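Down below is the structure, laid out as structure tokens.
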Amino acid sequence: MQINELIQTVAIAAIPILFAITLHEAAHGYVARHFGDNTAYLQGRISLNPLRHIDPLGT
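Take the sequence shown: its letter number 59 is residue 65 in our numbering, and every next letter is one higher.
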């Protein structure tokens, strides 16, 4: 496989993976809020913006 094909494959695969992870984490926050845990809501993580789900400290 040529390097150009590899880069293209990774770039094309990254978009749906990023969307799936974002949707998954937003759903976690929504369900947690529904059951009384407002932590994700207060941190602004009930969002489809992938940047809202990045936590550089890993907390």
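For glycine and all other residues, C-beta sits at the position ideal for the given N, C-alpha and C. Bear in mind the structure is a predicted one, so any value in this text is a computation, not a measurement.
query: If we define contact as Cβ-Cβ less than 7 Å, is Ala33 a contact residue for chain B?; result: Of the chains in the structure shown, none is chain B; there is only one protein chain.
query: What are the boundary residues of the alpha helix (DSSP H) that Asn10 is part of?; result: 9-40
query: Which one of Leu24, Ala26, Arg51 has the shortest CA to CA distance from Val37?; result: Arg51
query: According to DSSP, simplified to helix, strand and coil, what is Arg58?; result: helix
query: Please report the residue range of the alpha helix (DSSP H) in which Leu48 lies.; result: 45-48
query: When the Cβ atoms of the stretch 56-65 are set against those of the stretch 16-33, are three or more pairs found closer than 8 Å?; result: yes
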